Amino acid sequence: MKSKIAEIEKDIVTEDATATKLSVASNTPTPDADQEELPLDDLTGSEMDEDIIPKQKLIINNKTALKELYKEIKLDVPWIETQAVTLEEPTQIKDVNNDMERELAFYKQALQSTATARSLCQSLSVPFSRPSDYFAEMVKSDELMSRVRQRLLDEDAQIKASEQARKQRESKKFGKKVQFEKLQERQKKKSEELEKIKTMKKKRKGIEDTAIDDDFEIALEEAAREDRPVKRQKIGKSTKRSRKDAKFGFGGKKKYAKSNTAQSTADISDFNPRAMKGGWGVKKKPKNYRLGKTRRQAMKSRKRG
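Each residue of the sequence shown is one higher than the one before, counting from -2 in this note's numbering.
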């Protein structure tokens, strides 16, 4: 960004210099084609004209007179009215044709003058800083700036979304890679164990003692069991199995489950002879008959009295 601004400024300076050269060239008088330039030695005394004889301009730098004149026209006013700052030490430039050195000297001079002016303003209690509640009118409208801000926010959100998507893709690839490596490791371990078992069997193949072979086979099986992960043994029934048993029973034949058997028929331990005295069937409550009109009135009068 800075290089681009520098290029633009350089182009502007070049254009200004070109325009200045053109203006100077246009103001320079050109000799007429009809007039011929003659050397001054060829002219005689009668042919010489005072207008055509070049005259050298006399330059006089009378510093004493200029200072006296400056004292006469100088106004005795406070510094705040002019705000002019002059450094005590003059600016020294070794090579005036060196652009970098010249600009650096100007920069240092302006910086020193600013510091001097700041101290003078502070001594005179003159405010020079912008107030905190001062808002200058912007060149661009608020609508345009809001659109610019919204565009910047959209670009930022888009960059964040793309970055997040890229991270997700990388994590997914990494997860697949880890899973594949784990499966390969398991397969390799399994093949190595099988190869060891085969090698041990081949070594023991020449032994004729069957008892030793049986012991060897048992040892191999026990070693294989030790390598396997130990499963936790469940103690008792699970909660789900207990609820199923309570609801549906324990399996087996369900038909005629409530029918009498010879043993249940002969069992009279729960027989109660008192329960049979009431008779068979359900006892009915006596019917509530309504009293007659005379009796109802008599009962009402009794309650009132």
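Ideal Cβ positions, reconstructed from N, Cα and C, are used throughout, including at glycine.
The structure displayed is predicted, hence computed values, not measured ones.
Q: Please classify S159: does DSSP put it in a helix, a strand, or coil?
A: helix
Q) On the premise that V82 lies in contact with S122, defined as a C-beta separation below 8 Å, what is that separation, rounded to the nearest angstrom? A) The Cβ separation is near 18 Å, so there is no contact.
Q) Is DSSP giving Q89 helix, strand or coil here? A) coil
**Q.** Closest residue to P87 among P270, Q106, S138 and A62 (Cα-Cα distance)
**A.** Closest by alpha carbon: Q106.
Q: Output the distance between the C-alpha atoms of E152 and A162, rounded to the nearest integer angstrom.
A: 15 Å
(Q) Only counting the same chain, and skipping five residues up and downstream in sequence, which positions put a Cβ closer than 7 Å to that of Y104? (A) none
Q.
Assuming the contact rule is C-beta atoms closer than 8 Å, I90 and E100 should be a hit. Round their C-beta distance to whole Å, please.
A. Actually they are not in contact, since the Cβ atoms of I90 and E100 sit about 10 Å apart, beyond 8 Å.
Q) R127 lies in the alpha helix (DSSP H); which residues open and close that run? A) Boundaries for R127: no alpha helix (DSSP H) harbours it, and the DSSP string shows neither H nor E there.
**Q.** 7 Å Cβ shell around A30 - same chain, five flanking residues per side excluded
**A.** With a pLDDT of 42 at A30, under the threshold of 50, the modelled position of this residue cannot be trusted; read the value that follows with caution. So the list is empty, once near-sequence residues are dropped.
Q.
So, with DSSP's three-state summary, where would you put G246?
A. coil
Q. Residue range of the alpha helix (DSSP H) that E134 falls in?
A. For E134, no alpha helix (DSSP H) segment is defined, and its DSSP state is neither H nor E.
Q) Nearest to E78 by CA position, among I57, I232 and A114, is which residue? A) A114
Q: Pull up the CB-CB distance for L117 and W76, whole angstroms please, since I reckon it's below 8 Å.
A: Yes, they are in contact, since the Cβ atoms of L117 and W76 sit about 6 Å apart, within 8 Å.
Q) Just the Cα atoms here: how many angstroms apart are Q80 and P128? A) The alpha-carbon of Q80 is positioned some 21 Å away from that of P128.
(Q) Suppose you measure from the CA of M296 to the CA of A272; what does that come to, to the nearest Å? (A) 41 Å
Q. On the three-state DSSP scale, how would you describe L150?
A. helix
Q: Locate the alpha helix (DSSP H) running through K60, then write down its first and last residues.
A: K60 to I70
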